[in-house]
Amino acid sequence: MQLSVNGQSRDLELDNRTTLLDALREHLGLIGSKKGCDHGQCGACTVLLDGRRTNACLVLAVTCAGREVATIEGLAGPDGLHPVQQAFVEHDGFQCGYCTPGQIMSAVGMLEEFERGWPSAVTGEVQPAGLTAPEIRERMSGNLCRCGAYVGILAALTDVASRS
Amino acid sequence: MTAITTRAVGSSPTRIEGTAKVTGAARYSTEQDHLGDVAYLWPVPATIAKGRVEAVDSDAVAGLPGVLAVLTPDNAPRLETPDDAELAVLQDHEVSYRGQFVAAVVATSLETAREAAASLHITYAEVPHDSELTENHPKLSKPEKVNPAFPTDTEDGDVDAALAAAAVTVDATYRTPPVHNNPMEPHASLAVWLGHELTLYDSLQGAFAAQQALAKLFALPPASVHVINEHVGGGFGSKGTVRLGAVLAAMAAREVGRPVKVVLGRQHMFTVVGYRTPTIQRVRLGADADGQLTAIEHAAIEQTSTVLEFAEQTTVATRIMYAAGSRRTSHRLAALDVPTPRWMRAPGECPGMFALESAMDELAVATGVDPVEIRIRNEPDVEPESGKPFSSRNLVACLREGAERFGWAARDPRPGVRRDGRWLVGTGVAASTYPSYVGPSTASAAAEPGGGFVVRISAADIGTGARTVLTQIAADALRVRVEEVRVEIGDSSFGQAALAGGSMGTASWGWAVTRAGERLRAALDEHGGDGRLEVHVDTAEEVKARTGFAYHAFGAQYAEARVDLDTGEVRVPRLLGVFGVGRIVNPRTARSQLIGGMTMGLSMALHEEGVLDPAFGDYVNHDFAGYHVAAAADVADIDAVWVDEQDEHVNPLGVKGIGEIGIVGTAAAVANAVFHATGVRVRDLPIRLDKLLGGLPG
Amino acid sequence: MDFLQPSTMAEALAAKAEHPGAVPIAGGTDVMVEMNFDKHRPPALLDVTRVSELTEWGMDDGRVRLGAGVSYTRIIDELGDRLPGLAMASRTVGSPQIRNRGTVGGNLGAASPAGDAHPALLAADAEIELQSTAGTRVVKAHEFYLGVKRNAARRDELITAIVLTPPSGPQQFCKIGTRNAMVISVAAFGLALHPDRRVVRTGIGSVAPTPRRAYAAEEFLAAELESAGLWESRAELPTALAREFGEKVKAAGAPIDDVRGTAAYRLHSLAVMARRAVTWAWTDYRTARGT
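Protein chains in written order, with this note's numbering: chain A, 1 to 164; chain B, 1 to 698; chain C, 1 to 291.
Following this line, the structure appears as structure tokens:
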């Protein structure tokens, strides 16, 4: 099958039991997406599938033909780190770093969702003009961090949101 | 000890591997791409809690396409007897707990290995099991020592007489549940054999110790085993020593003649890699009417498995915390048919201080003395049990600084009287402590031909910032800028070093790196800029010479809790930690680590509980949907600061470990705040909504 | 394991007829978890994500026909006004990643008593559309849940759509869990007031072997509103009435103790949620925001 990852089409021969996450990690050498639980309960494998943040462990690779997969490896541009990546470094938004690619991809998806006006469970009748701390915390709750870097992650994303 | 001049130490560079981690380029353990055809192993956990494996029907799956081997107790290669009995994987037919690995399938793909493992038929001879820890369990006995080598029981003065004579007493039993480490990176091992040489890429907290253990198991000279752990996705103690996945990987790789990956599934992480033992702790305090302690008794009950004895040092912090006329501490252990508990972040201090610091709060309530003041009143001049002077102790300064920052002075001590809409509001305080351990380490330093310096040490960066702080330390020792220094870690070939545990990494490795840097600088100053200089150091002698003081870090944690009047839902909008932890090498990473510990402590207070089903002897909530760790929405305003603390006795850098103290005391601070909010004293963690309901004011 | 990838409804139904054991998979947020647990490996998977009738919603004779494969995210974003209760429930499902993939069809297929969509569907009097090569039938939500993880769909049927009438009154959804987000409910409650029909509908989750309605509570409240003329007057809802409604909702629960909470707590929280929900809903009704 063909899988389009970070704008590049990749040819693959895959078992129909193979998840998108295992296809990325074990077949394409894209180890940035991490396996933390394999059950969609931790978010370490978050990628953007057709632009939407998705747990790659819950998607069968065979269902991804014709869809666009974006992973952490494709995020930085020729001019350097993506603003979210840069903010994670500056605000120390990680410790061991294992949940970090998932956090960052989730944050990129989250910023776009907010931009589109999608409400969250804590959004009232009117969406706030900018991302507040409660909005960021709620919207980032699909990504667990066992080192407890949530405080740094919040600072990083508050910083990015205020600049965009 | 001579003071060092610091320039880089104390500054806040961002993490050296930061860019690699945020771009996904950092390779953790098994994420190697240069090894060709790798095979995958998937383990088969026992489905009984006690008994024997009678037969494994390997034939049915051995013939499946892609299956390379089925390892069973019958055919698995024999290993030398390990020091750690958990490593004797597939060496006999005994089943000692549900979930113990009893077989494994190796296949060309992960999918095939998993499917074959799931369909492997195993016949057991089951016998009745006993998996439930109780206060009066008949198997409770006195272990010879507690982790790692503390006396099991201690007694000082006449506790019973003091309690009988005390004006005020507290007598309460506290319970902490099994808690599971759950680093985000599961234990992962990739073994490669080249002839009789084994290379293991692993997620462990110490490459050197793993090398020694594996060499012994496989009867190899240590030099034939090479362990690499360049990046480690958290461990919290569960990767402290080599775990059975590494053994299976090495065993299987030799069997099938190609590299083998073993990446544990999240469910396995609840059984085979260790967890924090549940505890039942009785604390009795006696005090005069002013809250001056006359007696402290702390008795802990905990569990271990029948595979090996792990006796956690639950009450050791009570031996050093407060002045009292008399003191008694003890540990009793039951070997049950349960997975083996092991180290988890601040083993001993963390659950023990939940009990002691909750009891201190109860004493404050009973005497009417302010909870901050009662701790200050019982501040000892010397380490209570040993009589040794503290190398430094700033608990009082931390309590005072925290009270100031948190706005404690205006606190109304009455419980259950503050409301904000449907929320009951309260605040609480607890003390923190952790020993300042240090372990001998070796390191090398060399001037590089092209300029710059390289320092090598078998350290591990499990998220602590070790690589970054060691670079700062090396730069100062070499008297150069950090940009000129490259620190290489995560490789057993760099020689013996302390492991990333016991909060001793920076102290131990930093000591060796300092000496290596100093020696290289001296050699360069003497010989001039010869590009081939390399020095090796070993701190064993110096470390052994460190005596005469009691070495501990201290801190104070303040919490605000809000409890929904109708539903008992708990929120913690504020947590503040103030710590006296010696010199801070990198304020940026130090703050993260302390906050991280407090976040895990908050998670322990409100969420974490391995729920054992006694009928099956298994933790039933063995995934992240059932076993809750704090998510982003649970963590509000957490901050950590430190008081200025110069300690010239603790080690040459004057640093104390900060990896564990953050989790010590947090749960008590939260529980004490919940009591202040509601009037309900929760003595068994976690503080779940249903435990509060009955006692909430109407 | 076979992998079937139909691109039309006819192909999908034919595939299901031929492989009754095939498990339909859309977002994968239920099915894949089961598989990755090594628990359940079905003989075949039926990927329904390419069948447009399943992944779209539309209006049909004044009612919303929600394809079973429409994601929670789209319900939240596109149907907040037409299906407010379901949209509120959807906001609390799993994590953002799960909501981007997960579907109401998946929730119905799994029929877990803790599924977040069920209380909202019950309160809204939703109907479940089931199709097979033999034809189409419609099952009312309260007749759909047969037992723990058992539903009314036959082995040859696909859950193809949920049909709901846009509300004539306010709807509410409440959920209590032991974590602030990404949490399976300890108890959940859905409420819809239907002023056009003068009826009250409820749905309760995680408090019985199946999602269910609190019939006695519904009848009680509707009768009280009627006899006191409150539908017309839109006067304040008596506190005692809200409280009694809560108690009657509680009486409909038959929970068990489990890892997430005790039975006693579940019942208590159900009463609290019902009381709160009816208070909020009535405030909405009085200010006509919910009509």
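Glycine is no exception: its CB is placed at the ideal position from the N, C-alpha and C atoms.
All of these numbers come straight from a predicted model, not from anything done at the bench.
May I ask which residues mark the beginning and end of the alpha helix (DSSP H) holding residue i?
i               : result
M9 of chain C   : 9 to 18
P435 of chain B : Here P435 of chain B belongs to no alpha helix (DSSP H); instead the beta strand (DSSP E) covers 423 to 435.
P24 of chain C  : It is not in any alpha helix (DSSP H) - P24 of chain C instead sits in the beta strand (DSSP E) that spans 23 to 25.
Y275 of chain B : Unbroken run through Y275 of chain B: none, as it is neither H nor E.
Q212 of chain B : 207 to 217
M59 of chain C  : No alpha helix (DSSP H) contains M59 of chain C, which is instead part of the beta strand (DSSP E) from 57 to 60.
R276 of chain C : 263 to 286
Residue i: which of the options sits nearest, CA to CA?
i               : options                        : result
G568 of chain B : B:G596, B:V307, B:A677         : B:A677
P413 of chain B : B:V429, B:D420, B:G421, B:G233 : B:V429
F37 of chain C  : B:T304, B:V563, B:W42          : B:W42
L64 of chain B  : B:I301, B:A117, B:A49, B:S203  : B:A117
P222 of chain B : B:S109, B:W193, B:S492, B:G654 : B:S492
Q127 of chain A : A:P119, A:A133, A:P134         : A:P119
S386 of chain B : B:R422, B:A550, B:G695, B:P13  : B:A550
A516 of chain B : B:L163, B:I473, B:A287         : B:I473
V95 of chain B  : B:L194, B:D171, B:G51          : B:G51
P24 of chain C  : C:L79, C:R154, C:G147          : C:R154
M88 of chain C  : A:C99, A:M110, A:V122          : A:V122
L520 of chain B : B:R479, B:N136, B:T19          : B:R479
T108 of chain B : B:E312, B:A60, B:K261, B:P573  : B:K261
N672 of chain B : B:L336, B:Y124, B:A431, B:R588 : B:A431
V139 of chain C : C:L158, C:T133, C:R99, C:K149  : C:L158
R201 of chain C : C:G147, C:S233, C:M182, C:A281 : C:A281
L86 of chain C  : C:P96, C:T73, C:R198           : C:T73
Beta carbon of residue i, beta carbon of residue j: below 8 Å?
i               : j               : result
N181 of chain B : G490 of chain B : no
E124 of chain C : L164 of chain C : The question names Glu, but residue 124 of chain C in the sequence shown is Ala. Against a cut-off of 8 Å, the Cβ pair of L164 of chain C and A124 of chain C comes out as a contact.
N586 of chain B : V482 of chain B : no
T471 of chain B : V487 of chain B : yes
A114 of chain C : I204 of chain C : no
R146 of chain A : M184 of chain B : yes
L121 of chain C : I162 of chain C : yes
R345 of chain B : G237 of chain B : yes
T18 of chain A  : E542 of chain B : no
I374 of chain B : T367 of chain B : yes
P389 of chain B : V396 of chain B : no
Since residue i sits in a beta bridge, which residues does DSSP pair it with?
i               : result
R574 of chain B : B:E560, B:D637
T202 of chain C : C:L191
I280 of chain B : B:R175, B:I301
S189 of chain B : B:D202, B:V262
L60 of chain A  : A:T19
G147 of chain C : C:R150
I228 of chain B : B:Y201, B:D491
Where do the N-terminal and C-terminal ends of the beta strand (DSSP E) with residue i fall, by residue?
i               : result
D57 of chain B  : 51 to 57
C145 of chain A : Here C145 of chain A belongs to no beta strand (DSSP E), and DSSP marks it neither H nor E.
N55 of chain A  : 52 to 55
P45 of chain B  : 39 to 45
K175 of chain C : 171 to 176
T442 of chain B : 442 to 447
I'd like to know if residue i contacts chain F, where contact means its C-beta is closer than 8 Å to some C-beta of that chain.
i              : result
R99 of chain C : The chain labelled as chain F is not found among the protein chains of the depicted structure, namely A, B and C.
Q) Going along the region 58 to 73 of chain A in order, which residues come within less than 8 Å of chain C, judged by CB to CB distance? A) Taking 8 Å as the upper bound on Cβ-Cβ separation, chain C lies near residues L58, V59, L60, V62, T63 of the region 58 to 73 of chain A.
Q) Looking at chain B, which residues of the region 135 to 163 of chain A have a Cβ within less than 9 Å of any of its Cβ atoms? A) Listed by position along the chain: I136, R137, E138, R139, M140, S141, G142, N143, L144, C145, R146, C147, G148, A149, Y150, V151, G152, I153, L154.
Q | Where the region 86 to 115 of chain A meets chain C: residues whose CB sits under 8 Å from a CB there | A | Within the region 86 to 115 of chain A, those residues whose Cβ lies closer than 8 Å to any Cβ of chain C are, in chain order, S106, G109, M110, E113.
Q: Closer than 9 Å, Cβ to Cβ, to anything on chain A: give me those residues from the region 90 to 118 of chain B, in chain order.
A: Of all residues in the region 90 to 118 of chain B, only S109, L110, E111, T112, R114, E115 place a beta-carbon less than 9 Å from a beta-carbon of chain A.
Q: Could you list the residues in the region 15 to 36 of chain C with a C-beta less than 7 Å from some C-beta on chain A, going in chain order?
A: Under the 7 Å Cβ criterion, the region 15 to 36 of chain C contributes G28, T29, M32, V33, N36.
Q) Between the region 624 to 654 of chain B and chain A, which residues of the former have a C-beta closer than 7 Å to a C-beta of the latter? A) For the region 624 to 654 of chain B, which is checked against every Cβ of chain A, the residues closer than 7 Å are F624, A625, V629, A631, A632, A633, V635, I638.
Q | the region 466 to 492 of chain B: positions lying closer than 8 Å to chain A by Cβ | A | Going along the region 466 to 492 of chain B in chain order, one finds no residue with a Cβ nearer than 8 Å to chain A.
Q: Taking only beta carbons into account, state which residues of the region 250 to 270 of chain C come closer than 9 Å to chain B, listed in chain order.
A: Listed in sequence order: D258, V259, R260, G261, T262, A264, Y265, R266, H268, S269.
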